[in-house]
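First the structure, in the form of structure tokens, and then the observations on it.
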Amino acid sequence: MSSNVASSSAGVPVISFPTFEEVRGYNAVELNGFLKGRLSNIDNHIDTLAAGEVDGSIFFDLTYEGLKAHGISLGASTKIMKLINEYKGDQTTAYLGYKRRKIDDEEEVKSDNYDNESLEKVWKAFKDATIDDNVLNLSNDASYLLGVDDYENPITTIFIRDCYLDLSKIIFESNRSRWRITGNPGIGKTFFGYYLLYIIAKANGTVIYHQHHRSPILFSEDKVYCNAREPMEFRGKTILVCSPQTTYYKTFDSLGINVRYMPVWSLAEIDICRDKIDIFKHLTKEEVQALHYKWGGIPRFVLFHAHNYNSQKQLDTAITEVEKSIMYFVGETSSGNSASHKLVHICTNVPMKEADQAEERN
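Here the sequence shown stands for residues 230 to 591, numbered as in this note's numbering.
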């Protein structure tokens, strides 16, 4: 495993973001100002939270259902929850297996986060999805799980990277049961989880999908179950998809697991995705190349947040926070501070494709 350091232009003012504890100490007015500075085009929804006297002490306890109860739209709720999860730490766990957890017909299944009818439509969207030229196409119903972009456009297409094919083949063809897929934050690990859902949906399999701080969802054949209980032990494959922060995987690793690293994106991959995925087609080849030069192969900032001012300033903030000791923590960290991963990228030994070789020569 090797590393490379992202570069940044000098002379740009640095914006320092408050810590988790600082935000937790905000009153309703301070939280209102903070949210308006971080989240674009949802000021009216943020004002609704302030009117409901939501302050920092309860902000991180909000759920989708709680936001819905405040009358917050799906798009705005998704933005708010993404920010909450960004501060709490981004962890997604997928439990893949074929031993179904029994739920009595009389038992009332409730979810603190999800709407079961919408989840049934999500599962159908995965079952009916098609792949065309390395793009997974789903119906708009899938956006209930996948969310929206910075402009509140529903996310319904997924670019299938070559590494998605390689990793899924390794996992499903192996007789090993526990896997951890990791890599730099912002490279599409969550979307790899969605690709696994697609594979299992097409195979009429059963999967428990458990996203950090959300209720587990059991997708099975034409039925969906969701409640707040943690999944129990079962026979099958368990895949933890997470960033390399030890608090996420320490317990899981103690069970005896197999680890694979997902690579950052090449410029060739970035440009193909920009050209094929509708929500990125407004970006020019030149600006994406410039962002790739600045950030390296991190599509969260090169594609998704290409025009998000606050997101683009995070690199400059990370540079001011870096210390000499950063090189001792390349690839692994025990804290929620993601500055090191904005500057140092985990590079894997995957075979280089012809397009990427041409890119390296240029």
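C-beta: ideal position from N, C-alpha, C; glycine also.
Selection from the options that minimises the alpha carbon distance to residue i
i    : options                   : result
I486 : L496, T467, A497 and Y538 : T467
G422 : N433, E402, Y293 and C392 : C392
D276 : K542, A354, K452 and V258 : V258
N540 : E515, G415, F509 and T577 : Sequence inspection shows Ser at residue 540; the Asn mentioned does not correspond to that position. The residue with the shortest Cα to Cα distance from S540 is G415.
P445 : Y343, V517, S372 and R390 : Y343
G483 : W408, G417 and K452       : The identity of residue 483 in the sequence shown is Ser, whereas the question assumes Gly. The residue with the shortest Cα to Cα distance from S483 is W408.
C612 : Y490, G281, T513 and H536 : The structure shown does not extend to residue 612, since the chain spans only 230 to 591, so no value can be given for it.
L425 : F289, H441 and D395       : D395
L291 : F481, R443 and I508       : R443
N345 : E294, S302 and Y316       : E294
Y380 : F401, D361 and L303       : L303
G266 : K542, K514 and Q518       : K542
E282 : H299, D272 and I271       : H299
H511 : N382, I287 and S286       : N382
N256 : I271, N270, F288 and H441 : F288
E315 : I301, K479 and H441       : H441
A432 : N273, T546 and F401       : F401
Cβ pair residue i, residue j closer than 8 Å
i    : j    : result
F533 : D378 : yes
G465 : S403 : no
L312 : D284 : no
I501 : N413 : no
I428 : S397 : yes
L544 : W524 : yes
V493 : H574 : yes
V488 : T411 : yes
I499 : H521 : yes
E515 : A535 : no
Residues that residue i bridges to, as DSSP identifies them
i    : result
K452 : S449
D361 : V364
Y490 : T411
V377 : P383
F288 : In the DSSP output, where bridge partners are listed per residue, F288 has none listed.
F388 : V364
Cut-off 6 Å between Cβ atoms - residues of its own chain near residue i, not counting five sequence neighbours on either side
i    : result
L268 : K308
T359 : N366
G376 : T307 and I384
L447 : I437 and Y454
A430 : F355 and K356
F481 : L469
M230 : The pLDDT assigned to M230 is 37, lower than 50, so where the model puts this residue is not dependable; a value taken from the coordinates is nonetheless given after this. Same-chain partners within the cutoff: there are none.
S368 : A354
K571 : L544 and A547
F509 : R503 and L532
Residues of its chain near residue i, where Cβ-Cβ distance is below 8 Å and the 5 sequence neighbours each way are ignored
i    : result
H364 : In the sequence on display, residue 364 carries Val and not His. Once the five neighbours on either side are set aside, the close Cβ partners of V364 are T386, I387, F388, I389, K505 and I506.
N591 : With a pLDDT of 48 at N591, under the threshold of 50, the predicted position of this residue should be treated as unreliable, though the coordinate-derived value follows. Same-chain partners within the cutoff: there are none.
M370 : Here residue 370 is Asp; the residue named in the question, Met, does not match the sequence. S347, K350, V351, K353 and A354.
G254 : G285 and S286
A208 : The structure shown does not extend to residue 208, since the chain spans only 230 to 591, so no value can be given for it.
D362 : K505
F263 : P247, V252 and Y255
N537 : S269 and D379
Contact set for residue i: own chain, Cβ-Cβ below 7 Å, skip 5 residues either direction
i    : result
T248 : none
L296 : S306 and I309
I271 : A305 and K308
L374 : V351
S372 : P383, I384 and T385
K479 : none
T513 : none
H274 : I301, S302 and A305
Pairing CB atoms from the segment 448-456 with CB atoms from the segment 346-358, are three or more of them under 8 Å? yes
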